[in-house]
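Peer 1: If you read the sequences in order, they're chains A and B.
Residue numbers for the first sequence follow UniProt numbering, beginning at 1 and rising by one.
Residue numbers for the second sequence follow UniProt numbering, beginning at 1 and rising by one.
Glycine is no exception: its CB is placed at the ideal position from the N, C-alpha and C atoms.
Let me give you the structure first, and then I'll get to my questions.
Number of protein chains: 2
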Amino acid sequence: MSDADARDAHDAPGPARPGNGKRVTMRDVAEAAGVSQPLVSIVMREAPGAGAETRARVLQAAARLGYRRDERARMLRQGRSLLIGIVFHAAQPFHGELIDELQLAARGAGYNVSLAAVTRHRGEADAIDALLGERVEGLVLLGATLPQDAVDRIAGEVAVVTVASQYGSTWFDSVSMDDARGTELAVRHLRAGGHTRILYLGAPGVSGDATRRATFLRCASEEGLDDEVAVLPGGASEADGARGIEAALRSHPDATAVIAFNDRSAQGIVAQARLLGKRVPEDLAVVGFDDSEQAELPYLQLTSLAQDPAQLASAAVEMVVRRAEARAEGSPPLPGEHRILPTELVVRRSSGGRTA
Amino acid sequence: MSDADARDAHDAPGPARPGNGKRVTMRDVAEAAGVSQPLVSIVMREAPGAGAETRARVLQAAARLGYRRDERARMLRQGRSLLIGIVFHAAQPFHGELIDELQLAARGAGYNVSLAAVTRHRGEADAIDALLGERVEGLVLLGATLPQDAVDRIAGEVAVVTVASQYGSTWFDSVSMDDARGTELAVRHLRAGGHTRILYLGAPGVSGDATRRATFLRCASEEGLDDEVAVLPGGASEADGARGIEAALRSHPDATAVIAFNDRSAQGIVAQARLLGKRVPEDLAVVGFDDSEQAELPYLQLTSLAQDPAQLASAAVEMVVRRAEARAEGSPPLPGEHRILPTELVVRRSSGGRTA
DNA sequence: ATGAAAGCGCTAACAT
DNA sequence: ATGTTAGCGCTTTCAT
Numbered sequence: 001m002s003d004a005d006a007r008d009a010h011d012a013p014g015p016a017r018p019g020n021g022k023r024v025t026m027r028d029v030a031e032a033a034g035v036s037q038p039l040v041s042i043v044m045r046e047a048p049g050a051g052a053e054t055r056a057r058v059l060q061a062a063a064r065l066g067y068r069r070d071e072r073a074r075m076l077r078q079g080r081s082l083l084i085g086i087v088f089h090a091a092q093p094f095h096g097e098l099i100d101e102l103q104l105a106a107r108g109a110g111y112n113v114s115l116a117a118v119t120r121h122r123g124e125a126d127a128i129d130a131l132l133g134e135r136v137e138g139l140v141l142l143g144a145t146l147p148q149d150a151v152d153r154i155a156g157e158v159a160v161v162t163v164a165s166q167y168g169s170t171w172f173d174s175v176s177m178d179d180a181r182g183t184e185l186a187v188r189h190l191r192a193g194g195h196t197r198i199l200y201l202g203a204p205g206v207s208g209d210a211t212r213r214a215t216f217l218r219c220a221s222e223e224g225l226d227d228e229v230a231v232l233p234g235g236a237s238e239a240d241g242a243r244g245i246e247a248a249l250r251s252h253p254d255a256t257a258v259i260a261f262n263d264r265s266a267q268g269i270v271a272q273a274r275l276l277g278k279r280v281p282e283d284l285a286v287v288g289f290d291d292s293e294q295a296e297l298p299y300l301q302l303t304s305l306a307q308d309p310a311q312l313a314s315a316a317v318e319m320v321v322r323r324a325e326a327r328a329e330g331s332p333p334l335p336g337e338h339r340i341l342p343t344e345l346v347v348r349r350s351s352g353g354r355t356a
Numbered sequence: 001m002s003d004a005d006a007r008d009a010h011d012a013p014g015p016a017r018p019g020n021g022k023r024v025t026m027r028d029v030a031e032a033a034g035v036s037q038p039l040v041s042i043v044m045r046e047a048p049g050a051g052a053e054t055r056a057r058v059l060q061a062a063a064r065l066g067y068r069r070d071e072r073a074r075m076l077r078q079g080r081s082l083l084i085g086i087v088f089h090a091a092q093p094f095h096g097e098l099i100d101e102l103q104l105a106a107r108g109a110g111y112n113v114s115l116a117a118v119t120r121h122r123g124e125a126d127a128i129d130a131l132l133g134e135r136v137e138g139l140v141l142l143g144a145t146l147p148q149d150a151v152d153r154i155a156g157e158v159a160v161v162t163v164a165s166q167y168g169s170t171w172f173d174s175v176s177m178d179d180a181r182g183t184e185l186a187v188r189h190l191r192a193g194g195h196t197r198i199l200y201l202g203a204p205g206v207s208g209d210a211t212r213r214a215t216f217l218r219c220a221s222e223e224g225l226d227d228e229v230a231v232l233p234g235g236a237s238e239a240d241g242a243r244g245i246e247a248a249l250r251s252h253p254d255a256t257a258v259i260a261f262n263d264r265s266a267q268g269i270v271a272q273a274r275l276l277g278k279r280v281p282e283d284l285a286v287v288g289f290d291d292s293e294q295a296e297l298p299y300l301q302l303t304s305l306a307q308d309p310a311q312l313a314s315a316a317v318e319m320v321v322r323r324a325e326a327r328a329e330g331s332p333p334l335p336g337e338h339r340i341l342p343t344e345l346v347v348r349r350s351s352g353g354r355t356a
């Protein structure tokens, strides 16, 4: 039995690792290609300073050995991680869309991203800690609910920008949609459709709710509808919306329109209302927030306030990168910038509109 | 103006970093505490070999300076990353539940996790590459759709286990639910409810569909329903289900029961069917797969085949860790293990059941 | 164009 | 119990 067979009859696929089982390093590649190790580094990161023929020999050796660069070592030596941490909520589909766009934008700015999920068993603080341990240079917090002074403290360590949360700190930036304008558009739209008995099913405590609620009441007042509108408890999930509308229709049986906290809640509202015999939009018009993928579902066709994930993402990345660069250069801290992106009402059938 | 003020009027919150703006290292802590740097290491990782009084002094210095251990450097030096990579699909809510449980299980086994999202702009191969660059010791692939030989190749580099995919390789492990048994339970349940004209709205190409479809046809045949059942195109999303049922009700208007590919599709089916005037469950019984959170929605009350995320996760972690340990010890490759977890029919109203 | 040497922040081995 | 030395895999700086 030869030495090569000693391993096992069962031969691993792909390029074999050196006999000892350790991973392939630049040294191994250098040895195989008959060059020095730093030269391999030059070739691998496509830096100038290597002859064409050598370059080819090195690349071939690397491929043969199945070499893969160790990012940790690279970051360590480089002094910079060029890494942006993203904290998202695993249960929020909209965060999935944001992650996609954030990754794209970050790559465009020369950064990589590292993800940390907030779940039932892991709070925001834990998720952030994990990313700080990886030495991310910036942090993008999606839908953060941490108290502002906690975020301030973190902003003392790395660049921070929050997305779709309500903060106004001098220590970090934020991007969110124009909740006030959106709410105003929703009320006007329903009013123009002839509705006066309008409900807002809010999500108390969730980011954005306070502004939407206040604006709702103000607009209703301006329209002279003080006595016909009401703010009732809804929530941010389908189940919350369903429960909310059921209670709402008992306390306000003659309501003809509802503004939901988000599209998920709106979905629950529509489904439950239909089950209770209400037709949507004929008996009950519904408007949501987010213009998420759900809004387009054939059986929903939900009128919703669009918040473009790509725009949110590119603004977030731009801001967090600017802060990170400033830190890397040792510039004095930047003042907090709080950007509010325009929103747009996308009219679909759920509010009585005629559009597809 | 004193030197301390030179920085800015605007004073950063939290512990200040050293003047030069670089991050705090163990050396800084060691200096501040008047001990050697390795001793700080001993204290920070709570290893034996430091006096109680020294330990306290070091910890205090670390806290004062805002020290945080650099995980990359730790992994690099340690030779092991003790890291498990998780590849998930950002658009799949069920993966969120799995991530939660996987993190829990991994922590229990002494590993950390690193996440990589598959999105519209980033394929599975890219996501896996990123994790390999971080030197993860194991990879948990959620709902992978890569061809098996591609996964085989990756399994040559690190420990791999797939969750909820259909593979049968000798090079990596897999865990999934018992699709055949689940489908059988669904058919029997509907049959017991008096249904004979049953449809299966599958998701061609998606993991699990082939088995479910084949089992559906076999069971129907055993029940003597060959001429009454049909397999029709559905899909894995709400929109797919809605479109699927609309077409299905046109081609098979007298169907009384539907088995959906998953709960998301079932949700679309129920909503669309109701919109078309069908009552659920009276006119159309619906059964889903996953028993996800949606299944419990008040307006859905969906009968579904449970696949416990906690069980899937702990099996996946157990298997990937076993493989990773074997590799770390240089043992010969383990044979592929393909575990199938039992499933259970959770009866709710959507199939005519009486249960909550 | 290439090589030699140093060092990122940490842990491990050995010395005291 | 504590300090010294070495080195993980890489990039950087300086020679040649």
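Could you tell me which chain A residues have their CB closer than 7 Å to the CB of residue 90(B), listed as they occur along the chain?
Peer 2: Looking up residue 90(B) in the second sequence gives position 90. Those are 96, 99, 100, listed as they occur along chain A.
Peer 1: Is there a C-beta anywhere in chain A that falls below 8 Å from the one on residue 121(B)?
Peer 2: Taking the second sequence and counting its residues from 1, one reaches residue 121(B) at position 121. Contacts with chain A at 8 Å (Cβ-Cβ) include residue 121(B).
Peer 1: Mapping the DSSP letters down to three states, classify residue 233(A) as helix, strand or coil.
Peer 2: For the purposes of this step, residue 233(A) is taken as the residue at position 233 of the first sequence. Here residue 233(A) sits in strand by DSSP.
Peer 1: Below 7 Å CB to CB, which residues in the same chain sit around residue 349(A) once its five sequence neighbours on both sides are set aside?
Peer 2: Start at 1 with the first residue of the first sequence, and residue 349(A) comes out as number 349. Around residue 349(A): 281, 301.
Peer 1: Do residue 242(B) and residue 268(B) come within 8 Å of each other at the CB atom, strictly closer than that value?
Peer 2: Working through the second sequence from its first residue, we reach residue 268(B) at position 268. Working through the second sequence from its first residue, we reach residue 242(B) at position 242. Judged by beta-carbon spacing, residue 242(B) lies within the 8 Å limit of residue 268(B), meaning their Cβ atoms are closer than that value.
Peer 1: Classify residue 173(B) as helix, strand or coil using the three-state DSSP reduction.
Peer 2: Residue 173(B) sits at position 173 when you count from the first residue of the second sequence. Of the three classes helix, strand and coil, the one that applies to residue 173(B) here is strand, per DSSP.
Peer 1: Nearest to residue 286(A) by CA position, among 156(A), 26(A), 193(A), is which residue?
Peer 2: Within the first sequence, numbered from 1, the residue matching residue 286(A) stands at position 286. Selected option, being the one with the closest Cα: 193(A).
Peer 1: What does a CB cutoff of less than 6 Å around residue 238(B) pick up in its chain, not counting 5 residues either side in sequence?
Peer 2: For this step, residue 238(B) is matched to residue 238 along the second sequence. These residues qualify, in order along the chain: 264, 267, 268.
Peer 1: Let me confirm a value: residue 333(B) is counted as buried when at least 16 other C-beta atoms fall within 10 Å, else exposed. Which label applies?
Peer 2: The count along the second sequence starts at 1 and reaches residue 333(B) at position 333. Counting Cβ neighbours within 10 Å, residue 333(B) comes out buried, since at least 16 surround it.
Peer 1: Using a Cβ-Cβ distance cut-off of 8 Å, determine whether residue 299(B) contacts chain A.
Peer 2: Sequence index remark: in the second sequence, residue 299(B) carries index 299 (1-based). With 8 Å as the cut-off, residue 299(B) counts as an interface residue toward chain A.
Peer 1: Report the neighbours of residue 268(A) on chain B: residues whose CB is nearer than 9 Å to its CB, in chain order.
Peer 2: On the first sequence, position 268 is the one that residue 268(A) refers to. Near residue 268(A) (Cβ distances below 9 Å), the residues of chain B are 297, 298, 299.
Peer 1: Quick one: grab the DSSP three-state call for residue 159(B).
Peer 2: As a first step, residue 159(B) is located in the second sequence; it is residue number 159 there, counting from the start. Looking at residue 159(B) - three-state DSSP - the assignment turns out to be strand.
Peer 1: For the alpha helix (DSSP H) that contains residue 105(B), what are its first and last residues?
Peer 2: One-based indexing of the second sequence puts residue 105(B) at position 105. 93-108 is the extent of the alpha helix (DSSP H) around residue 105(B).
Peer 1: DSSP on residue 348(B), reduced to helix/strand/coil?
Peer 2: As a first step, residue 348(B) must be located in the second sequence, where it is residue number 348. In this structure, residue 348(B) counts as coil in the three-state DSSP scheme.
Peer 1: Quick one: give me the first and last residue of the beta strand (DSSP E) that residue 199(B) is part of.
Peer 2: Here the question's residue 199(B) lines up with position 199 in the second sequence. From DSSP, the beta strand (DSSP E) with residue 199(B) extends over 198-202.
Peer 1: Just the Cα atoms here: how many angstroms apart are residue 215(B) and residue 340(B)?
Peer 2: Mapped onto the second sequence, residue 215(B) falls at position 215. Mapped onto the second sequence, residue 340(B) falls at position 340. Computed Cα separation, rounded: 16 Å.
Peer 1: Which one of 189(A), 299(A), 304(A) has the shortest CA to CA distance from residue 292(A)?
Peer 2: If you number the first sequence from 1, residue 292(A) lands on position 292. Nearest option by C-alpha distance: 304(A).
Peer 1: Any Cβ of chain B within less than 8 Å of the Cβ of residue 309(A)?
Peer 2: Translated into the one-based positions of the first sequence, residue 309(A) becomes position 309. Chain B, which has no Cβ nearer than 8 Å to the Cβ of residue 309(A), makes this no.
Peer 1: For residue 319(B), return the contacting residues in chain A, with the cut-off set at a CB-CB distance below 8 Å.
Peer 2: Along the second sequence, one-based indexing puts residue 319(B) at 319. Within chain A, no residue comes near residue 319(B); the closest Cβ sits about 17 Å away, beyond 8 Å.
Peer 1: Any beta carbon of chain B sitting closer than 8 Å to that of residue 115(A)?
Peer 2: Within the first sequence, the letter at position 115 stands for residue 115(A). Closer than 8 Å to some Cβ of chain B, the Cβ of residue 115(A) qualifies, so yes.
Peer 1: Cβ closer than 7 Å: which chain B residues qualify as neighbours of residue 134(A)?
Peer 2: Looking up residue 134(A) in the first sequence gives position 134. Ordered by position in chain B, the residues that pass the 7 Å Cβ test against residue 134(A) are 71, 72.
Peer 1: Closest to residue 87(A) by C-alpha separation, out of 189(A), 136(A), 240(A), would be which residue?
Peer 2: In the first sequence, the residue the question calls residue 87(A) occupies position 87. Nearest of 189(A), 136(A), 240(A) to residue 87(A), Cα basis: 136(A).
Peer 1: Give me the subset of the segment 219-252 of chain B whose CB atoms are less than 9 Å from a CB atom of chain A, sorted by chain position.
Peer 2: 237, 238, 239, 242, 243, 246
Peer 1: Given this structure, state the Cα-to-Cα distance separating residue 80(A) from residue 72(A), to the nearest angstrom.
Peer 2: Looking up residue 80(A) in the first sequence gives position 80. Looking up residue 72(A) in the first sequence gives position 72. Annotation: residue 80(A) to residue 72(A) spans about 11 Å, alpha carbon to alpha carbon.
Peer 1: Output needed in chain order: residues of the segment 261-288 of chain B with a Cβ under 8 Å from some Cβ in chain A.
Peer 2: Within the segment 261-288 of chain B, those residues whose Cβ lies closer than 8 Å to any Cβ of chain A are, in chain order, 268, 271, 272, 274, 275.
Peer 1: Going by beta carbon distance, what residues of the same chain come within less than 6 Å of residue 27(A), once the five residues before and after it are set aside?
Peer 2: Working through the first sequence from its first residue, we reach residue 27(A) at position 27. Once the five neighbours on either side are set aside, the close Cβ partners of residue 27(A) are 37.
Peer 1: Rounded to whole angstroms, what's the CA-CA distance from residue 19(A) to residue 65(A)? Just pull it up for me.
Peer 2: To locate residue 19(A), count along the first sequence from 1; it is residue 19. To locate residue 65(A), count along the first sequence from 1; it is residue 65. Caution is warranted here: a pLDDT of 43 is assigned to residue 19(A), below 50, making its placement in the model unreliable, and the coordinate value is therefore given only provisionally. Rounded to whole angstroms, residue 19(A) to residue 65(A) spans 12 Å at the Cα level.
Peer 1: Nearest-angstrom Cα distance between residue 63(B) and residue 113(B)?
Peer 2: Taking the first residue of the second sequence as 1, we reach residue 63(B) at position 63. Taking the first residue of the second sequence as 1, we reach residue 113(B) at position 113. Taking the straight line from one Cα to the other gives about 26 Å.
Peer 1: Within its chain, find whatever has a CB closer than 8 Å to the CB of residue 35(A); leave out the 5 residues flanking it on each side and keep chain order.
Peer 2: One-based indexing of the first sequence puts residue 35(A) at position 35. Closer than 8 Å at the Cβ level, and outside the excluded window around residue 35(A), lie 54, 57, 58.
Peer 1: Identify the contact partners of residue 93(A) in chain B, using a Cβ-Cβ distance below 8 Å as the criterion.
Peer 2: In the first sequence, the residue the question calls residue 93(A) occupies position 93. By Cβ distance, chain B contributes 91, 93.
Peer 1: Please state whether DSSP places residue 261(B) in a helix, a strand or coil.
Peer 2: For the purposes of this step, residue 261(B) is taken as the residue at position 261 of the second sequence. Residue 261(B): coil per DSSP, three-state reduction.
Peer 1: Taking DSSP as the reference, what is the three-state secondary structure of residue 136(B)?
Peer 2: Taking the second sequence and counting its residues from 1, one reaches residue 136(B) at position 136. Three-state result, residue 136(B): coil.
Peer 1: Suppose only complete runs of 4+ residues qualify. What are the alpha helix (DSSP H) ranges in the UniProt domain "HTH lacI-type" (24-78) of chain B, listed by chain order?
Peer 2: 26-33, 37-44, 52-65, 71-78
Peer 1: Can you tell me which of 123(B), 125(B), 231(B), 122(B) puts its alpha carbon nearest to the alpha carbon of residue 258(B)?
Peer 2: Position 258 of the second sequence, counted from the start, is the residue given in the question as residue 258(B). Checking every option, the nearest Cα to that of residue 258(B) belongs to 231(B).
Peer 1: Name the two residues that bound the continuous beta strand (DSSP E) containing residue 320(A).
Peer 2: Here residue 320(A) refers to the residue found at position 320 when the first sequence is read from its first residue. It is not in any beta strand (DSSP E) - residue 320(A) instead sits in the alpha helix (DSSP H) that spans 309-328.
Peer 1: Compare the C-beta of residue 26(A) with all C-beta atoms of chain B and state if any pair is closer than 8 Å.
Peer 2: Your numbering for residue 26(A) matches position 26 in the first sequence. Closer than 8 Å: no.
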